[in-house]
Structure formats: C-alpha cells, structure tokens
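FYI, the numbering for the sequence shown is 0 to 329, going by numbering that gives the first Met the number 0.
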Amino acid sequence: MLGCSIATAGGLTGMADFRARLSPGGFGPVVHGFVVGAFPVGCLVGCVLAGRFADTLGLIRSMLMAAISACVGISIQIGTISSWPQFAAGKLVEGFAIGALSVITPMYHAETAPASIRAMVTVSFQIMVVSGILLAQLVIYGTSNIPNSLSWRLPLALEILIAVPLGIGSFFLPESPRLLLSQDREQEARVVIAKLNDVDVFHPTVQDQVQAFHQKSIEAKSQEQLKRCELFTAPAMARRLLIGIMLQAARHRSAALAIATAANWTVNAAIGISTSHILAKIHFKYGYFFAASCLALAFGVWRFLIEPKDRAMDEIDQLYLEKADARKAR
C-alpha cells in the first residue's frame, strides 16, 4: 500500500487529463510541488502521532484506523473534479494514514516476530513497498493512454483494493505481546507468544520473554517519569535515535520509532516539493546527490548499526547501553 501511494503521488502528474483537469491555467512547478509534496507532509504528521495512537489504542486498532483513513483520503482524490487543492487535501489525508502505518507495521513486526526470523519479517515490509511501487507504475503505464479521467482514477482505485483487505485482515491478527503485558494481560500474552513461536504455553521461550519484559518494566518503574528531552539524553538513546534518522532519511517503542521514521518523511516532503525546481536548474546532476547519500548510508550502517539477527530485543537494547562496537557485535 505504501509503495502504491508513493508511485501515484508523482506518477499521475504526467497524465494529460490529470494536468488539464486539476490545473487548467497550467501545471507549473509550484502546483506540481504542492500536489506531490502533500503526501509526504501527511506522512510526517502521521508517523509522529502514530506512537501515541499505538500506545493508546493498540497496534491492531491503529492499523484499522489507518486503513479507514487511507480509504477516506483516496476517495477524496478519486472524487476530484477540477480542483488541485482538493486532490492535495486527499493526498494529505492518505499520507497521514500511510505515515502511521510506516511506524506501526515495523513496530508490530519487531514485537511479534520470533528472533530467528525477525530480520526476514522486517525486511518483507520494504520488499512489499518496492513491489507496490512496481505494481502501481505498471498500472499507471497501462492506463496512461486512456483519454479521460479513468487514466488517473483507476490507479487510485487500486490503492483502495489494498487498503480494504488490510483493514479486514487486522481483525485476524494477534495483538502485540508487549502491549498485552503492559496492560497486565499476562495470560493472553503467553498464548500469543506461544502461538507465534509454535510452542506450548509453558515452553521456556514463553517464560523467558515474559520474564525479560517484567524485568524491563521493573527497571522503568524505578526511574523517574521520563521527559521528552530524555529521548536524546537517556543512556545510549541518542546514538540509536541518530542511527534511525540516518537510515530513514536515506530510505522504531513509540517515540523513538516515530521520530526516526519522521526523518524519512521530512526529507521526502522537502524533496517532493523542491525536485521540480532543482531539476529545472541542474538537470541530471541532481542524481549525484542521491549517489552521495547512498555512499554515506553504506558507511553509517557498517560503522554504527548493531546486527539484530538471532538477538532478542532486550539483548539488542543492552548492547547499545554498553556502547558495544557495532563492527564487533556482528
């Protein structure tokens, strides 16, 4: 769904009917920037607020609300007659939903996937994003020659066909064990952990995860109420937060994940709004900027990112607290 939304955010602006209908006076760089940039701006707001939604409503309900919001935003876009501000508003609402999902989905993967397959499950999120981009671009290519508004309304309808199963599927997903434990619903959490790991509810794996959570809870309660500034000043948090910002800007429990993901959409919004102006000035040389970003990212991952494979989340947390050398912790 995220991939389809990214593709349609800019892919529709080249269609003749879209340009003529939404901006009869001319589809210049300013209009193009607002139409394309509205989506990542909405994503930025959505991912910043997603952590609070997840802690208040739970991950599953948050997914459902995001899917509903996405359908509303897409419907606003499909219903656009001749007003690009209406289309941009729809993109803004859709972006809010997608931004929230870009935080909630990896968070859900990290909190539910067994350590042995967590990397594979988490990577599947990005694979689906790229697959969505490819699918949407193929649909856009196939509909681009339709001489009426169906040329751009059909690719948008594809997004609804993805959002609806997401909302329906959320009813069949188990809630995060960590959330259940934080709400003193230990027996339910044990059942979910056992099911996710395909073991008996009395298996040592279940007991270890429950005990690890309780230990962390005791440590947290022994501390004073954290302030937001301690997101940067708490032990080893600044390093992890900067790593998350580095990864997301080039390309998670709640506040740190939201801010790290917000870096992604902040950069996307800036690029979406400014790209048409930059391309008009320096043309293909703009690509050198992205090449340099990829090289900087590769160095940052090699130097600072601790390998999470086959490690429990609490073990990874301890390595960062001990300021372990990322190159040796692989």
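Ideal placement from N, C-alpha and C gives every residue a C-beta, glycine not left out.
Check	Outcome
Suppose the cutoff is 7 Å on Cβ atoms and the five residues either side in sequence are ignored; what does the same chain contact list for serine 130 look like?	Gly2
Pick out the complete alpha helix (DSSP H) segments inside the segment 75-137, 4 residues or longer, and give them in chain order.	83-111
Keeping to the same chain, check which residues put their C-beta closer than 6 Å to that of phenylalanine 52; ignore five residues upstream and five downstream.	Ser61
Does alanine 118 get closer than 7 Å to chain D when you measure Cβ to Cβ?	Considering every chain present, this structure includes no chain D. It has just one protein chain.
Where glycine 36 and valine 92 are concerned, what is the direct C-alpha to C-alpha distance, given to the nearest angstrom?	12 Å
Provide the residue span of the alpha helix (DSSP H) that contains aspartate 16, from first to last.	15-21
Assuming contact is defined by CB atoms lying nearer than 7 Å, are alanine 99 and alanine 49 in contact in what I supplied?	yes
Would you be able to state if there are at least three C-beta pairs under 8 Å between the segment 143-156 and the segment 7-21?	yes
Among Ile103, Phe201, Tyr287, which residue has its Cα nearest to the Cα of leucine 56?	Ile103
Could you tell me whether the Cβ atoms of glycine 41 and glycine 94 are closer together than 7 Å?	yes
Helix, strand or coil, according to DSSP, for aspartate 324 in the structure here?	coil
Run through DSSP, which three-state label would isoleucine 73 get?	helix
Output needed for arginine 177: all residues of its chain with C-beta closer than 6 Å, excluding positions within five of it in sequence on either side, in chain order.	Glu110
In three-state terms, what does DSSP make of glycine 41?	helix
Would you mind sorting glycine 76 into buried or exposed? The rule is 16 or more other CB atoms within 10 Å of its CB.	The question names glycine, but residue 76 is glutamine in the sequence shown. Buried: at least 16 other Cβ atoms inside 10 Å.
Count the other CB atoms, across all protein chains shown, that sit within 10 Å of the CB of glycine 45; report buried if there are 16 or more and exposed otherwise.	buried
Hey, out of Ile161, Ala69, His282, Val209, whose CA is closest to alanine 188's CA?	Val209
Express the C-alpha separation of glutamate 185 and aspartate 197 in angstroms, rounding to a whole number.	18 Å
From the DSSP output, in three-state form, read off methionine 0 for me.	coil
For isoleucine 258, count neighbouring Cβ atoms within 10 angstroms of its own Cβ and tell me buried if that reaches 16, exposed if not.	Only weak support exists for where isoleucine 258 lies, its pLDDT of 45 falling under 50; the coordinates are left without a value.
At the level of alpha carbons, what is the spacing between phenylalanine 343 and threonine 79?	Residue 343 lies beyond the residue range present for the chain, which begins at 0 and ends at 329; the question has no answer from this structure.
Can you list, in chain order, the residues of its chain with a C-beta nearer than 6 Å to that of threonine 204? Leave out the 5 residues immediately preceding and following it.	Asn196, Val198
Near isoleucine 192, what residues of its chain come up, given a Cβ to Cβ distance below 6 Å and the 5 sequence neighbours on each side ignored?	Pro176, Val205, Gln208
Per DSSP, what kind of secondary structure is aspartate 183 in: helix, strand or coil?	coil
Please list, in chain order, all residues of the same chain as alanine 15 whose beta carbon is under 7 Å from its beta carbon, the five residues on each side excluded.	none
Does the beta-carbon distance from valine 34 to alanine 87 come in below 7 Å?	yes
Which whole-angstrom value is the C-beta distance of phenylalanine 303 and alanine 325, which I expect to be below 8 Å?	5 Å
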